[in-house]
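Chemist: Numbered per the numbering used here, the sequence shown spans residues 797 to 849.
Questions regarding the structure given below will be posed in turn.
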Amino acid sequence: MAQIRKLPGVTGCDADFGRDRLVVRYDPAVVSRDRLLEAIAGLGYRPRVVREP
Numbered sequence: 797m798a799q800i801r802k803l804p805g806v807t808g809c810d811a812d813f814g815r816d817r818l819v820v821r822y823d824p825a826v827v828s829r830d831r832l833l834e835a836i837a838g839l840g841y842r843p844r845v846v847r848e849p
């Protein structure tokens, strides 16, 4: 998930492949949720929002 970590505004990214989860911490003033979902989809995954703070 190094590609996601490199996006401006992303402050953290933790993958749990056993549970098919990716937790991304980000600054919404810098990067939008939709941009993150696009980036994850671009890596071949089917992202969905499970919970937002």
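We put the beta carbon where it would ideally sit given N, CA and C, even for glycine.
This one's a predicted model, so the numbers in the text were calculated from it and none came from an experiment.
1. Between which two residues does the beta strand (DSSP E) carrying Ala811 extend?
2. Secondary structure at Leu818, three-state DSSP: helix, strand or coil?
3. With a Cβ-Cβ cutoff of 9 angstroms, do Ala831 and Val845 count as a contact?
4. Would you give the residue range spanned by the alpha helix (DSSP H) that Asp823 belongs to?
5. Assuming the contact rule is C-beta atoms closer than 8 angstroms, Val827 and Leu803 should be a hit. Round their C-beta distance to whole Å, please.
Modeler: Well, looking at it:
1. 806 to 812
2. strand
3. Residue identity differs from the one stated: residue 831 is Arg in this sequence, not Ala. Going by C-beta atoms, Arg831 is not nearer than 9 angstroms to Val845.
4. Here Asp823 belongs to no alpha helix (DSSP H), and DSSP marks it neither H nor E.
5. 6 angstroms
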